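For reference, the structure is listed below as structure tokens.
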Amino acid sequence: MNSDETNALKEAKPAREPFDFARWWDRVGILMVLVVLVLLMAAIAPNFNRVDNLLNIARAISINAILAAGMTVVILTGGIDLSVGSTIAVSGVVAVIAAIAGVPAPLAVLLGMAVGGLCGLVNGWLTAYLALAPFIVTLGTMTFLRGLAYTITDGQPIVSSGLNFRDLGNGYIGPIPIPVIVMVVVYAVVWFVLERTRYGRHVYAVGGNAEAAQLAGVQVKRVVTSVYVLAGVCAGLAGVIFSARVISAQPTAGTGYELDAIAAVVLGGTSLAGGRGRIVGTLIGSIILGVLSTGLILLNVQFFTQLLIKGVVIILAVAIDSLKQRPLFLRAGGPKP
Amino acid sequence: MSQPLLTLEGISKRFGATLALSGVRFDLRAGEVHALMGENGAGKSTLMKILAGNIERDAGVIRIDGQEVDIRSPRDAARHGIAIIHQELNTVPDMTVAENLALGREPKKRFGMLDRTAMEQQAREKLARIHSAIDPRRKLGSLSVGMQQMVEIARAVGENARVLVLDEPTAALSRAEALELYKLIEQMRTAGVGMIYISHRMEEVWQLADRVTVFRDGTYVGTGPLSEISPADVVRMMVGRTVADLYHHEPREPGRPLLTVKGLAGQAVGPVDLSVRAGEVVCMAGLIGSGRTEVGRLIFGADVRTSGRVEIDGRASSPANPTEAIADGVGMVPENRKEQGLFLDHSVEDNVAISSLDRFVSAGVIHRKQRRSAVLGEMKRLRLRLNAVDLPVKALSGGNQQKAALARWLLRDCDVLILDEPTRGVDIGAKREIYEQIDGLARAGKAILVISSDLPEAIGISDRLLVMRRGRIVAELESARTSEEEVMLHATGTAVNAANTGAQA
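Top to bottom, those sequences are chains A and G.
The first sequence begins at 1367 in this note's numbering and counts up by one.
The second sequence begins at 514 in this note's numbering and counts up by one.
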């Protein structure tokens, strides 16, 4: 008996299934949702499909999308970062104060990102080396960092009409808003890192099975620490853009943004258990949330109702993602006497 | 003979791509001990899980006293008087013995208050039925494994089980505890309980059982009274060929020592000295819990070393973690491939390449074509279907999953390879291929340290055997000149008892 052949026979079947819903959904499902949503909005919402409106949507989502890019990497390792919203405030405040003190624009921006990275380092170190649950760690730093933002600003916004990096939030290159260009660059970098580098494979390995990753030679603690740093840097960048957009430092900036970022990641099909998901999905998830918000505003739907609809959409997406994992979705089991 | 107590006919079960059971049958009489034997992965555990209602069968009939019954849940199984004593005990260590015995049917006072006095009284009665003097107020976790097993049996007997499944009951027991268990089995036999006895230990089976049924690769091979069957017959039925063929390898000529371990100790093992030479296969044998896996993990840097040193090809290697061990040229296939070895959701390519990515990167960026062709090369060598390269590894059969786990280290080209239970849960075809790979690696000048609980395998594929007991190496044996009995003697450390209670067949 040739066991190679028998194995091939045994295993050929699932690959040849005529239609595999789970695989189809993984590849294009969320994209189809976006296409349908866009077509729907174009049909019923006034002015939706004008170029300037679409660019406005893109600019509006850029902050959440940048946040969600870092969040995706954290969630891919099986972690979570609730502190990114507060990090936006702290890094924005620091960058604005530095700019007012005369620090040149590029350095002020980098400083804001570095502050974000430092917040992430604390999260990562506590999670990886003290083996604390990331949910609790980042819940703690979320509260702490918000308090820090209030303390530094004494609870008041710092308005600086001559803010030297204001173009980062309000400028254009050609017709494209600068935040949108920054967002595209962030996604390109994160995509490349996750898909094409050794580090990216290690991120997936840690999330897929931390013990197996350790035994395969992956430095699990370093990887875990690094993803929080990455999320922090993304949050720092988002914070600087936020400050540039409103030309001031706001201690309340980014409140609740962490949840929008998590929603975008989950909508994009990344598993909260880690190890499965794609950065492109997160971008689509962010766009869906943005299109939904803008479309509902154009349709004059009340803000309260908008929240109801957003909530339903998030749960629907997660439900589909969860159901596709279950065999009952594919075929019914049980004895056949 | 009267009507059988339990009859299973035409039972089939499929897990995804793997046919775990294909139309098997089994019957059990009252007051009988019926041994169920077969290699790992033969389908014994699957059949027992079906009987226990833990999984549902795809096809087949279950009869009790000739009446067809349907078992779809553990509750159904209990109602029909079927009880299972698992390898992994089914008890709650933080609760007392009495609480465990009453689990799910606690006696209540008025207003739903727990009646502790009644609960402890019932527990005492149940324990008395198996002549056990365990204090019902003790925390279960504070008892030895053997005593915990007694509590499980007391629960089964207390619920008037008529069919009792004992799955490797002596695997984790001391000799004295095993003897207690044998006595208890005799009592239950007299009481008319039918017992299905799953064990790999030949002498135990011949001592206790009346009949034996053998499964192989999910199919029924045969049944017979033990008075008419020899252990050699059963082994032949189990493996479908003579053992010698399966393990056959040309003599090897080991060279210089590649792995040298001196005074290595960890939390619960050591100090241990050992060496494995280039071109040599050394097996660590011993009972479960004797410290073999821990020694492997210490060499690989996966556990914290308290003292001792490791040398790889004469160079000091003191790995603080597996990353450093791998850099020194060591690889390890862990004991439990699903939990420790593989990324089940990830592709075969990712699983195989993960430890060798440094070979395919420049400035951290992966050359994907190089990676792909290297992975395909190893898959070809292990006769894995090449178009599985992008499939999630969980879609493969157990044997092919194990080959993927091995492929990771073939790709890495380690000098020293530690293989912990490399053929557990693997079908016979894949088993033979894994043996061929081990032999091939040794011939290519690698040092191979295998940990195996499968004695014929441990003896058959190795050049030398190291027997471990209680965290120490207690014997070093030449594989060509030893026997299973000799190994067991050292592994259990009770030469006198073993001689007295050994095989009677």
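For each residue, glycine too, the CB sits at the ideal point set by N, CA and C.
None of the values given here were measured: they were computed from a predicted structure.
Check your understanding: Along the chain, which unbroken stretches of the alpha helix (DSSP H) at least 4 residues long are found entirely within the region 523 to 569 of chain G?
Key -> 557 to 565
**Study point:** Neighbour list for residue 875 of chain G in chain A, Cβ cutoff strictly below 7 Å
**Key:** Within chain A, no residue comes near residue 875 of chain G; the closest Cβ sits about 10 Å away, beyond 7 Å.
Review point. What runs of the alpha helix (DSSP H), each 4 residues or longer, lie entirely inside the region 622 to 650 of chain G?
Key: 629 to 642
Check your understanding: For residue 948 of chain G, is the classification buried or exposed, using 16 other Cβ atoms within 10 angstroms of its Cβ as the cut-off for buried?
Key -> buried
Check your understanding: Whole-angstrom Cβ separation of residue 923 of chain G and residue 891 of chain G, contact assumed at under 8 Å?
Key -> 5 Å
Check your understanding: So, are the CB atoms of residue 912 of chain G and residue 939 of chain G less than 7 Å apart?
Key -> yes
Review point. What residue from A/1563, A/1412, A/1452 has the CA that sits closest to residue 871 of chain G's CA?
Key: A/1563
Check your understanding: Quick one: is residue 1694 of chain A near chain G, going by C-beta distance under 7 Å?
Key -> Confidence at residue 1694 of chain A is low in this model, with a pLDDT of 43, below 50, so its placement is unreliable and no value can be given for it.
Exercise for review: Check whether the Cβ atoms of residue 1640 of chain A and residue 1651 of chain A lie closer than 7 Å to each other.
Suggested key: no
Practice item. Run down chain A in chain order and give the residues with a C-beta less than 8 Å from the C-beta of residue 815 of chain G. Key: 1580, 1581
Practice item. Please report how far the alpha carbon of residue 873 of chain G lies from the alpha carbon of residue 1566 of chain A, in whole angstroms. Key: 14 Å
Practice item. Use the C-beta contact count for residue 657 of chain G: other C-beta atoms within 10 angstroms, 16 or more gives buried, fewer gives exposed. Key: exposed
Point to revise | Alpha-carbon to alpha-carbon, residue 524 of chain G and residue 571 of chain G | key: 7 Å
Check your understanding: Looking only at C-alpha atoms, which of A/1433, A/1506, A/1504 sits nearest to residue 1556 of chain A?
Key -> A/1433
Practice item. Alpha carbon to alpha carbon, how far is residue 1449 of chain A from residue 1506 of chain A? Give it in angstroms, no decimals. Key: 8 Å
Review point. Does the distance from the CB of residue 967 of chain G to the CB of residue 992 of chain G come in under 7 Å?
Key: no
**Study point:** Spatially closest choice to residue 546 of chain G from G/700, G/867, G/797, G/848, by CA coordinates
**Key:** G/700
Point to revise | Three-state class that DSSP yields for residue 1676 of chain A in the structure shown | key: helix
Review point. Is any beta-carbon of chain A found at less than 7 Å from that of residue 533 of chain G?
Key: no
Review point. Taking the beta strand (DSSP E) that residue 732 of chain G falls in, what are its first and last residues?
Key: 732 to 738
Practice item. Within its chain, find whatever has a CB closer than 8 Å to the CB of residue 1382 of chain A; leave out the 5 residues flanking it on each side and keep chain order. Key: Here the model assigns residue 1382 of chain A a pLDDT of 45, short of 50, so the residue's position is not dependable and the matter cannot be decided.
Check your understanding: Nearest to residue 598 of chain G by alpha carbon, out of G/698, G/846, G/649, G/998?
Key -> G/698
Point to revise | Separation of residue 1545 of chain A from residue 1665 of chain A, as counted between CA atoms | key: 26 Å
Review point. Do you know whose CA, among A/1638, A/1454, A/1584, A/1681, lies nearest residue 1477 of chain A's CA?
Key: A/1454
Point to revise | Within-7 Å CB hit, residue 878 of chain G to chain A | key: yes
Point to revise | Contact set between the region 835 to 846 of chain G and chain A, restricted to residues whose Cβ is under 7 Å from the partner | key: 835, 836, 839, 845
**Study point:** Residues that residue 1571 of chain A contacts on chain G, provided the C-beta gap is smaller than 7 Å
**Key:** 856, 867
Review point. Going by alpha carbons, who is nearest to residue 822 of chain G out of G/814, G/815, G/816, G/831?
Key: G/831
Review point. Tell me the DSSP bridge mates of residue 1019 of chain G?
Key: Residue coverage of chain G in this structure runs from 514 to 1018, which leaves residue 1019 of chain G outside it and unanswerable.
Check your understanding: Which partner residues does residue 799 of chain G have in the DSSP bridge list?
Key -> G/981
Review point. How many Å lie between residue 863 of chain G and residue 914 of chain G at the Cα?
Key: 13 Å
Check your understanding: Where does residue 1623 of chain A land, buried or exposed, given buried means 16+ other C-beta within 10 angstroms?
Key -> buried
Point to revise | residue 1569 of chain A and residue 1487 of chain A closer than 7 Å at C-beta | key: no
Point to revise | Residues sharing a beta bridge with residue 652 of chain G, DSSP | key: G/609
Review point. The ligand ADP heavy atoms versus the CB of residue 836 of chain G: any closer than 6 Å?
Key: This structure lacks the ligand ADP; in fact it carries no ligand of any kind.
Review point. Are at least three pairs of beta-carbons, each pair with one atom in the region 626 to 641 of chain G and one in the region 657 to 673 of chain G, less than 8 Å apart?
Key: yes
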